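The UniProt record's numbering applies: residue 1 is where the sequence shown begins, and numbers increase by one. Okay, so here's the structure we're looking at.
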Amino acid sequence: DFGRSSELAFVVEPSDDIAVQEQPLILYCQVEGIQPITITWRKNGVMIVDSENAFMLANGSLYVSRFQRVRGDGSSDEGEYDCMAQNHYGLVVSRKAKIQAATMSDFHIHPQNAVVEEGGVARFQCQIHGLPEPVILWHKNSMPVNTDNERYTLLPKGVLQITGLRAEDSGIFHCVATNIANVKFSREARLTVSGSHSSVYKDPMILVGPENLTLTVHQTAVLECIATGNPRPIVSWSRLDGRPIGVEGIQVLGTGNLMISDLTVQHSGIYVCAANKPGTRVRRTAQGSLVVQAPAEFVQHPQSISRPVGTTAIFTCVAQGEPPPQITWLRNGQILETSDHIKLKNNNSTLSIYGINQADEAIYQCLAENSAGSTQASARLTVLWADGLPSPPQGVRAETVSATTIQVSWEKPLQNTKEIIGYVLHIRKAADPVEMEYQEAVSKSTFQQLVTDLEPSTSYSFYIKAYTSRGASKASEVTVVSTLGEVPAMPSLFIKVINSTTVQATWEPSIKLGQHEGFKLYYRKVHLSQYTGPVLLASNVTAYNITHLDASVVYEVKLLAYNQHGDGNSTVRFVSLRETVERTVLNPPCDCMKDEQNNKTSTTGIIIGIHIGVTCIIFCILFLMFGYRGRLLMCKNVQEQLSTPQIPRSQRSTTGLVLNGATRRDRDDRDLNGKQLDMNELERLFPTSPSQEQEKGVPLAHSPSGPHDETQISTLPLDEFSIIEEQPDPLPKNPHGSNPAALAPDHGPANEG
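Right, dumping it as structure tokens:
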């Protein structure tokens with residue numbers, strides 16, 4: 001990197017100016033850098049040749065002896081001037097200076113006569129255009145208005161406000177406009193103050209509100225607001241966005257005009273003037289916008305750099321302003337044209353030069369410009385070149401091997417090959433920008449490289465550089481070659497049976513499929529050799545229904561993708577419709593309501609049947625065990641009671657299965673007519689334990705229908721179990737059903753539907 005003294009840079013640049021007709025004009029330009037430096041001037045992009053009217057001074061400034069807005073030949077000294085400086089490092093161009101002639105037009109708004117009652121408000125206005133902006137003063141009765149009077153307010157745009165009018169304010173008013181070009185007077189206007197101050201109530205009213213203004217930073221803005229009413233309204237200001245107006249640089253002129261000095265961009269916004277009736281919420285408003293522009297200025301300047309041949313140089317130039325500035329790049333004073341190795345990014349804020357060579361060595365300038373002004377900054381690119389570097393590699397060739405592979409070969413350079421430490425192969429898609437390039441390093445003894453993982457049917461560019469420890473050679477010639485085309489990959493295929501004669505083939509489009517024009521669908525019966533198809537389908541189709549199939553055979557379905565290079569590999573699926581037919585025959589449609597009712601009845605019958613069967617088995621066993629005593633079990637009534645499945649469950653649970661047909665009291669009454677069971681023998685045959693006596697029931701059988709279909713038997717206390725001889729008379733019923741001596745199954749929560 002070189003110091004500032006070795007660079008070429010401006011110390012003073014020409015600035016915008018307003019010239020006076022027939023008066024001399026000087027535009028300043030001062031440059032520093034390595035001599036010799038040549039300075040020239042341009043106007044509107046055209047070189048200025050020294051003449052009697054305009055010539056360059058010894059310090060580089062331009063002198064115009066007699067500025068003329070329009071010359072006899074129709075030319076004009078107005079325009080945009082810039083200064084160019086050049087040395088052996090390059091050329092730089094200054095910012096453009098806009099030169100305009102001082103002018104003043106006639107008044108296009110004159111003050112008007114006014115009749116206002118005493119205590120009211122009077123307003124006069126006159127407007128005139130000129131360069132520079134004319135200064136407007138007011139005269140009353142041919143004398144300058146006394147600005148020390150607080151009731152008189154003069155605004156910069158040619159407005160005179162008089163508040164709290166009195167009789168002595170009556171008179172004749174006119175304004176005087178002055179600038180370096182001329183002095184002009186407006187027409188006169190008479191002010192008449194009539195009557196005395198009125199006490200009649202009047203709503204607040206804004207006579208004149210703020211106008212829209214566009215100014216530049218550091219200027220002064222005056223927002224006018226004049227209001228009338230009785231009582232006199234109070235004028236206040238606010239911003240429409242709710243932000244505070246602040247106090248620094250803020251001043252109120254007269255009774256309600258807002259003046260903002262030393263404008264900044266933050267002052268931009270919509271300002272609201274409000275006229276409020278004292279002590280009430282009655283108010284009137286008016287609003288105007290203020291736009292503050294800022295000339296372009298640099299946040300980051302480009303820096304001079306030095307880079308070896310073949311590397312990349314990057315310049316960054318960041319500017320700000322309001323409105324946002326446009327950035328333009330120059331190379332040695334000329335507009336920089338982009339190319340494959342010169343790129344502009346980030347709204348032209350970044351200049352990148354790829355694979356630099358000695359021809360890229362120059363001074364690069366960044367010009368930032370908006371409606372409020374322009375600025376420039378420059379930086380130099382030095383390309384480092386070492387003597388004795390190898391010449392470019394020779395005979396670069398590229399041959400296509402496959403759809404994804406290309407072989408690149410070359411020959412060693414013709415000169416300075418002893419110090420070569422290797423080669424670098426530069427690879428890029430021909431359609432991609434230079435910054436998408438990538439490299440592969442190759443040893444110095446290798447003169448070919450197989451480049452893989454390329455895309456099919458794509459053009460690639462290649463060039464080679466030879467490297468030494470001191471730098472790289474220039475790039476070889478660029479060769480461009482395309483990879484072969486490739487057929488699409490296998491699609492994913494899914495088969496869905498729709499009905500006994502139709503299946504649906506679906507597949508998913510995938511980026512792995514590659515470029516394809518469409519799909520081909522085939523199908524056949526597996527025992528046949530001939531396919532039906534192909535069915536040609538567009539590339540955006542992902543499903544197809546195959547109809548009119550035979551349900552008794554198996555089908556083979558095949559799908560492949562194709563493009564201009566041929567057919568890809570196919571995906572095969574087998575499908576049988578036989579299972580669908582059998583499923584339909586074995587599982588006909590059912591009447592669900594009817595089945596549900598039948599299921600309920602069937603389940604109830606099964607449960608009752610199991611209970612009856614188990615009960616009968618138990619009593620038969622008891623009968624056989626005690627048959628040697630000649631005693632008969634009285635199970636006839638039991639069977640009659642249990643054989644009726646229509647008995648409600650509630651009755652079954654309360655009545656039970658009566659073994660001896662009576663309660664303990666009735667049994668005692670019959671002891672005279674029968675023999676009592678030997679208790680010792682009964683205890684020997686039916687030993688019990690205390691735990692068993694406490695059990696409520698023992699499950700004897702399980703129904704396959706679930707945990708609710710269980711048959712349980714109650715354990716009988718021995719002192720309530722007796723066997724009596726069969727009596728011809730019917731057993732008496734226990735009207736109360738209390739404490740029955742019975743062996744009955746506990747139905748529990750049986751599933752009765």
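For each residue, glycine too, the CB sits at the ideal point set by N, CA and C. Only a predicted model underlies this, so the values are computations on that prediction, with no experimental measurement involved.
Nearest-angstrom Cα separation, counted from residue j out to residue i
| i | j | result |
| --- | --- | --- |
| residue 98 | residue 200 | 57 Å |
| residue 251 | residue 259 | 5 Å |
| residue 648 | residue 549 | Confidence in residue 648 is poor, its pLDDT being 41 and thus under 50, which makes the residue's placement unreliable; the coordinate value appears in the next sentence. Cα to Cα, the separation comes out at about 57 Å. |
| residue 560 | residue 492 | 9 Å |
| residue 624 | residue 607 | 26 Å |
| residue 130 | residue 17 | 14 Å |
| residue 209 | residue 316 | 46 Å |
| residue 79 | residue 304 | 32 Å |
| residue 392 | residue 404 | 28 Å |
| residue 206 | residue 156 | 20 Å |
| residue 412 | residue 308 | 21 Å |
| residue 77 | residue 233 | 53 Å |
| residue 113 | residue 256 | 23 Å |
| residue 101 | residue 69 | 6 Å |
| residue 245 | residue 326 | 31 Å |
Residue(s) in a DSSP beta bridge with residue i
| i | result |
| --- | --- |
| residue 288 | 271 |
| residue 314 | 352 |
| residue 494 | 506 |
| residue 567 | 562 |
| residue 242 | Answer is none; residue 242 lacks a bridge partner. |
| residue 91 | 86 |
| residue 74 | For residue 74, which the question treats as bridged, DSSP gives no partner whatsoever. |
| residue 67 | In the DSSP output, where bridge partners are listed per residue, residue 67 has none listed. |
| residue 40 | 84 |
| residue 308 | 384 |
| residue 144 | 139 |
Residue interval of the beta strand (DSSP E) (run including residue i)
| i | result |
| --- | --- |
| residue 139 | 135-140 |
| residue 389 | From DSSP, residue 389 is part of no beta strand (DSSP E); its letter is neither H nor E. |
| residue 17 | 17-19 |
| residue 400 | 394-400 |
| residue 239 | 234-239 |
| residue 277 | Note, residue 277: premise wrong, no beta strand (DSSP E); not H, not E. |
| residue 261 | From DSSP, residue 261 is part of no beta strand (DSSP E); its letter is neither H nor E. |
Assigned exposure category for residue i - 16 Cβ within 10 Å defines buried
| i | result |
| --- | --- |
| residue 385 | exposed |
| residue 190 | exposed |
| residue 610 | buried |
| residue 169 | buried |
| residue 620 | exposed |
| residue 193 | buried |
| residue 228 | buried |
| residue 368 | buried |
| residue 224 | buried |
| residue 15 | exposed |
| residue 132 | exposed |
| residue 167 | exposed |
| residue 421 | exposed |
| residue 45 | exposed |
| residue 47 | exposed |
| residue 231 | exposed |
| residue 765 | What the structure shows of the chain is the stretch from 1 to 753, and residue 765 is not part of that stretch, so it cannot be assessed. |
| residue 153 | buried |
Residues near residue i by beta carbon distance below 8 Å, same chain, minus five either side
| i | result |
| --- | --- |
| residue 9 | 31, 32, 33, 92 and 378 |
| residue 310 | 355, 356, 357, 465, 471, 472, 473, 474 and 475 |
| residue 144 | 137 and 138 |
| residue 480 | 398, 430, 459, 460, 461 and 462 |
| residue 532 | 522, 523 and 524 |
| residue 437 | 354, 426, 427 and 428 |
7 Å CB neighbourhood of residue i in its chain, flanking five on each side removed
| i | result |
| --- | --- |
| residue 433 | 343 |
| residue 126 | 107, 109, 110, 111, 136, 158, 175 and 186 |
| residue 704 | Unreliable positioning characterises residue 704 in this predicted model, as indicated by a pLDDT of 37, which lies under 50. The coordinate reading is nonetheless provided below. Nothing meets the Cβ criterion. |
| residue 563 | 487, 488, 515, 516 and 517 |
| residue 164 | 119 and 151 |
C-beta neighbour in chain C for residue i, strict 8 Å
| i | result |
| --- | --- |
| residue 117 | Protein chains in the displayed structure number just one, and chain C is not present. |
Other residues of its chain near residue i: CB distance less than 6 Å, five sequence neighbours each side excluded
| i | result |
| --- | --- |
| residue 66 | 22 |
| residue 508 | 492 |
| residue 62 | 27, 41 and 56 |
| residue 370 | 296, 321, 323 and 325 |
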